[in-house]
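According to UniProt numbering, the sequence shown is numbered sequentially starting from 1. Encoded as structure tokens, the structure appears first; notes follow it.
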Amino acid sequence: MAIPVIDMTNIDGADREATMAKIAKGCETPGFFQLINHGIDHGLLDRVKKVCAEHYKINREQNFKDSLPVRALNNAIAAEAEGKTVDKIDNMDWEDIFQVHEMRDTNSWPSEPRDF
1 MAIPVIDMTN IDGADREATM AKIAKGCETP GFFQLINHGI DHGLLDRVKK
51 VCAEHYKINR EQNFKDSLPV RALNNAIAAE AEGKTVDKID NMDWEDIFQV
101 HEMRDTNSWP SEPRDF
């Protein structure tokens, strides 16, 4: 399947209606598209991609540290260090975990990476 490519050169000109129709179609089928001649500096786009990649790398690392398997393992290690009897960790999914939960403070701007 080819990604729809939409030229924004005439978005404010005579082809506005046709361009808007292409955007609508791209949103509906297949659900994405590439914009060209949009006027946004490519250097800026490269910087945005870089800082977003850094942000999500930090986020993935923190999510891993906060994941249920890692917490269970850390709790077991801490309990064993205190001389407590540790139950065997059974049926733990050590792969990625997807949990749906309420997100608090979802409108706060990330502090890391610094350039975000």
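Just so it is clear, CB atoms sit at the ideal spot from N, CA and C, and this is done for glycine as well.
Under DSSP, residue 5 takes part in a beta bridge, and its partners are 34.
The segment 29-45 and the segment 1-16 touch, with no fewer than 3 CB-CB distances between them shorter than 8 Å. Taking every protein chain shown into account, the CB of residue 29 has fewer than 16 other CB atoms within 10 angstroms, so this residue is exposed. The way I'd put it, the segment 68-86 doesn't touch the segment 41-60; fewer than three beta-carbon pairs between them come closer than 8 Å.
As the crow flies, the alpha-carbon of residue 18 is around 29 Å from that of residue 49. Secondary structure at residue 84: coil, using DSSP grouped into helix, strand and coil.
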